[in-house]
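In terms of UniProt numbering, the sequence shown has 70 at position 70, counting the first letter as 1, and numbering is strictly consecutive.
Some notes on the structure that comes next.
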Amino acid sequence: WQTLQRRVLDAERTDDLTNLQFQLLSNGFRLLKTGGSLIYSTCSLTVAQNEAVVERFLSERSSAELVDIEASKAWPCKSGRILKTVRFDPVASKTSGLFVAKFTKLST
């Protein structure tokens, strides 16, 4: 348990990962053409690394919009805490758990 706590649950490490994920999302989005799509997906179940990153990103990028993930209707997942995002429960999906959000780039 202590190893898990140190590697995964440590607040400083979580902050570092969250900032890295935000930077990766931002850089990927910057490279998109208008009308392009970008998938943000993590194998984390924490709000900090998922919904918080998405909310921060949307608040700082007026040209970003969340869009429905049509294929998710056939996947073993449920809606995330933010509309148009999805979460895969580890037990129901037989995965380690996932979070997925799809963005499109509007004209600036």
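Ideal Cβ positions, reconstructed from N, Cα and C, are used throughout, including at glycine.
Using DSSP's beta-bridge definition, name the partner residues of residue i.
{"i": "Ser-37", "result": "Thr-104"}
{"i": "Ala-64", "result": "Lys-105"}
{"i": "Phe-88", "result": "Leu-98"}
{"i": "Lys-78", "result": "Arg-87"}
{"i": "Thr-42", "result": "Phe-99"}
Report buried or exposed for residue i, applying the criterion of at least 16 other Cβ atoms within 10 angstroms of its Cβ.
{"i": "Asn-50", "result": "buried"}
{"i": "Leu-24", "result": "exposed"}
{"i": "Thr-43", "result": "The sequence shown places Cys at residue 43, rather than the Thr named in the question. Exposed, since its Cβ has fewer than 16 Cβ neighbours within 10 Å."}
{"i": "Val-54", "result": "buried"}
{"i": "Trp-1", "result": "Residue placement at Trp-1 is poorly supported in this model, since its pLDDT is 46, which falls under 50; the coordinates still yield a value, given next. That one is exposed."}
{"i": "Ala-74", "result": "exposed"}
First and last residue of the alpha helix (DSSP H) that includes residue i?
{"i": "Asp-21", "result": "What sits at residue 21 in the sequence shown is Gln, not Asp. Taken as a continuous stretch (DSSP letters only), the alpha helix (DSSP H) holding Gln-21 covers 11 to 30."}
>> Could you check whether the region 96 to 104 touches the region 50 to 68, counting it as contact only if at least three pairs of C-beta atoms, one from each stretch, sit closer than 8 Å?
In response: Yes: at least three Cβ pairs fall under 8 Å.
> Below 8 Å, can you find three or more Cβ-Cβ pairs linking the region 68 to 87 to the region 11 to 20?
Replying inline: At 8 Å Cβ cutoff, the stretches do not touch.
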